[in-house]
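Below is one structure, written out as structure tokens, with a few remarks after it.
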Amino acid sequence: MSITFKGGIHPAENKHFSEKKPIEKLPAPEIAYVLLSQHIGAPAKPIVKKGDEVKFGQKIGESAGFISANIHSPVSGKVKSIEDIPHFLGGYSTAIIIENDGLDTPADELEKHSDWKSLSPDQIPKIAAEAGIVGMGGATFPTNVKLSPPKDKKVHTVILNGAECEPYLTADHRLMLEHSDEIVEGAEMIRFALGADRLIIAIEENKPDAIATMRKSVEGKQIEVAVLKTKYPQGAEKQLINALTGLEVPSGGLPFDVGCYVQNVSTAKALRDAVIDGKPLVERVVTVSGLAVDEPKNVLARIGTTLSELLESANGAKGEIGKIVMGGPMMGLDQWTLETPVTKGTSGVLFIPPKQAKVGEETNCILCASCIDVCPMKLMPTSLAQNTKYEKFDMAKKLGVLDCIECGSCVYVCPANINLLHYIRWAKVEIRKMSKK
Ligand code: SF4
Ligand code: SF4
């Protein structure tokens, strides 16, 4: 029996469009649009100005607080301007715009540590901070902070997340096939930094080739490869921990509270590249897919490449585009322009045709309870939405709205087309406002 959690859904996987496509290295963009806010927390502070010459990998934005991250130049060239550009969360945000000179002159700012085992555990988060590493599965939480749990929280189990449960996305799958040894090395660094005993690499059963490749890479090492049932949202932290260890992260708690740590496979590879090669996070693998794209694929794109360049790399659109989504179709964010750039958290970009993008008209709740059955957090989405609709935010809070992981499973199954997530997000905003007061 495969390992899994209670609840969840089985949306069409649609991974066949790109799962067999090897990672293709994209040429660096002529102009790189590097947002200062690519992570959870405070945007980085620019440390270059218009007209400055910059090198490939040079630090151009400095972490601006405890939860923030450094930003590095993905090309060498000249700073054209520092101005507001479209941001993937909507609206505009400040970016450093760099004219690429095509030379990729390296900055070589970070030290290389080929013998990383001679480092002390606390040097690993320091290197992660210098290299601007953040969670690349979409969460974008600064890795150095995550690697430094409070002293009273002992981590016994590190889980490397290779579930990639969102439909269409295959970036992590390809990375596991093509860079398995580097991922394993990065995972070992995480275990070393945290002083954990157990290391599990978790992969959904719909990726048998990745399971075999990773198993080969862990031969002779104290690392398990666990096969998970293919189910959404199998890759969510709390569901992964529960499926693999039986432990439940308490309401409002973090994986540390049950001695666990979860990190995405791409982040492990980026950490390994920073420690061994002295390479900051300036590029990532992105899946370009969806039924409106001519040639779906996986590309290694520099941070700051625009969505229009990604579309071009996939041979352009096939017919009309109805919707652009950054990330997967379940948790991804709709984009209104192709000028938005790739950031550290961009795992995929989907181009959806108009017919598929159309949402049915919302009708009244028929009390079918489907949303309750699928909720992986054991919430009652219909009650959360009803209370929010009548502005009973206190009641929504009591019912656990803050525990919602925004997976969208409830919306997916609702026969009345109720955008339950819209109400849940609204309640969260209002509750946070109330607690600030
Ligand atoms: S209530 Fe939240 S956690 Fe539960 S299914 Fe809906 S979006 Fe997912
Ligand atoms: S799935 Fe939709 S219709 Fe069914 S109980 Fe939930 S909100 Fe109501």
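Start counting the sequence shown at 3; every next residue gets the next number (my numbering).
Virtual Cβ for every residue (Gly too), placed ideally from N, Cα, C.
Between the segment 165–172 and the segment 344–364, do three or more beta carbon pairs fall short of 8 Å? Output reads yes: the segment 344–364 touches the segment 165–172.
Per DSSP, what kind of secondary structure is Asn300 in: helix, strand or coil? Residue state, collapsed to three classes: strand.
Leaving out the 5 sequence neighbours to the left and right, which residues in its chain are closer than 8 Å to Gly261 when beta-carbon positions are compared? Same-chain partners within the cutoff: Lys155, Lys156, Val157, His158, Thr159 and Leu249.
Under 8 Å: do the segment 399–419 and the segment 377–386 share three or more Cβ pairs, one atom per stretch? Enough Cβ pairs lie closer than 8 Å, so yes.
Does the Cβ of Ser372 lie closer than 6 Å to at least one heavy atom of ligand 4? Looking at this structure, you won't find ligand 4 anywhere; what it does contain is ligand 1 and ligand 2.
Tell whether a beta-carbon distance below 7 Å holds between Asn72 and Lys61. Yes, these two residues count as a Cβ contact at 7 Å.
Taking 8 Å as the limit between beta carbons, can you name the residues of its chain near Asp296, skipping five residues before and five after? Excluding sequence positions up to five before and after Asp296, its CB lies within less than 8 Å of the CB of Ala316, Asn317, Gly318, Ala319 and Lys320, all in the same chain and listed in chain order.
Unbroken beta strand (DSSP E) runs of length 3 or more, entirely within the segment 207–278: which are they? Unbroken beta strand (DSSP E) runs of no fewer than 3 residues, entirely contained in the segment 207–278, are found at 226–230 and 262–266, following chain order.
Pull up the CB-CB distance for Phe395 and Met332, whole angstroms please, since I reckon it's below 8 Å. The beta carbons of Phe395 and Met332 sit about 25 Å from each other, so the pair does not count as a contact at 8 Å.
Leu149 and Ala204 - do their beta-carbons sit closer together than 7 Å? Contact: no.
Output the boundary residues of the alpha helix (DSSP H) element that contains Met328. Counting along the chain, Met328 falls outside any alpha helix (DSSP H), though it belongs to the beta strand (DSSP E) covering Lys325 to Met328.
Given that a residue counts as buried once 16 or more other Cβ atoms are within 10 Å of its Cβ, and exposed if not, what is Val290? Val290 counts as buried, since at least 16 other C-beta atoms from the protein chains shown sit within 10 angstroms of its C-beta.
If we count the other Cβ atoms within 10 Å of its Cβ and call it buried at 16 or more, is Lys346 buried or exposed? Flag for Lys346 reads buried.
Using a Cβ-based criterion (distance less than 6 Å to any ligand heavy atom), does Gly330 qualify as near ligand 1? Answer for Gly330: no, Cβ out of range of ligand 1.
Under 8 Å, with one C-beta from each stretch per pair, do the segment 126–134 and the segment 206–218 reach the 3-pair mark? The segment 126–134 vs the segment 206–218: no contact.
Cys370 burial status per 10 Å Cβ neighbour count (16 or more: buried): Its Cβ having fewer than 16 others within 10 Å, Cys370 is exposed.
Are the CB atoms of Ala387 and Val403 within a distance shorter than 7 Å? In this structure, Ala387 does not lie closer than 7 Å to Val403 by Cβ.
Decide if the segment 64–79 is in contact with the segment 22–34; the criterion is three or more beta carbon pairs, one per stretch, under 8 Å apart. Taking 8 Å as the limit for Cβ pairs, the verdict is that the segment 22–34 does touch the segment 64–79.
Do Asn266 and Met178 count as a contact pair if the criterion is CB distance below 7 Å? It is not a contact, given that the beta carbons lie outside the stated cut-off.
Cβ of Gly410 versus every heavy atom of ligand 1: is any distance shorter than 6 Å? Flag set: Cβ of Gly410 near ligand 1.
Is Leu171 near ligand 1, in the sense that its beta carbon is under 6 Å from a heavy atom of that ligand? Flag unset: Cβ of Leu171 not near ligand 1.
Quick one: what's Gln337 bridged to in DSSP? Answer is Ile326, bridged to Gln337.
Comparing the CB of Met333 with every heavy atom of ligand 1, is any distance shorter than 6 Å? Checking the Cβ of Met333 against ligand 1 gives no.
Would you identify the three-state DSSP class for His479, choosing helix, strand or coil? This structure gives no information on residue 479, because the portion of the chain shown stretches from 3 to 439.
Is it buried or exposed, Tyr425, if we count other Cβ atoms within 10 angstroms and call 16 or more buried? Buried, by the Cβ-count rule.
What do you get for Thr348, buried or exposed, if any count of 16 or more other CB atoms within 10 angstroms of its CB means buried? The residue is buried, with at least 16 neighbouring Cβ atoms inside 10 Å.
Return the bridge partner residues of Phe58 from the DSSP annotation. Assignment of beta-bridge partners to Phe58 by DSSP yields Pro108.
Could you tell me the boundaries of the alpha helix (DSSP H) in which Ile129 lies? Here the alpha helix (DSSP H) through Ile129 covers Gln125 to Glu132.
Output the distance between the C-alpha atoms of Ser182 and Thr215, rounded to the nearest integer angstrom. Roughly 7 Å separates the two Cα atoms.
Where His89 and Ile49 are concerned, what is the direct C-alpha to C-alpha distance, given to the nearest angstrom? Ile49 has its alpha-carbon roughly 20 Å from the corresponding atom of His89.
I want to check one thing, is the minimum distance from the CB of Leu369 to the heavy atoms of ligand 2 below 6 Å? Leu369 has its Cβ nearer than 6 Å to a heavy atom of ligand 2.
For Thr145 and Leu256, the rounded distance between their alpha carbons: If you take the alpha carbons of Leu256 and Thr145, they lie about 15 Å apart.
Would you kindly check if the distance between the Cβ of Asp405 and the Cβ of Ser253 is under 7 Å? The Cβ atoms of Ser253 and Asp405 sit closer than 7 Å to each other.
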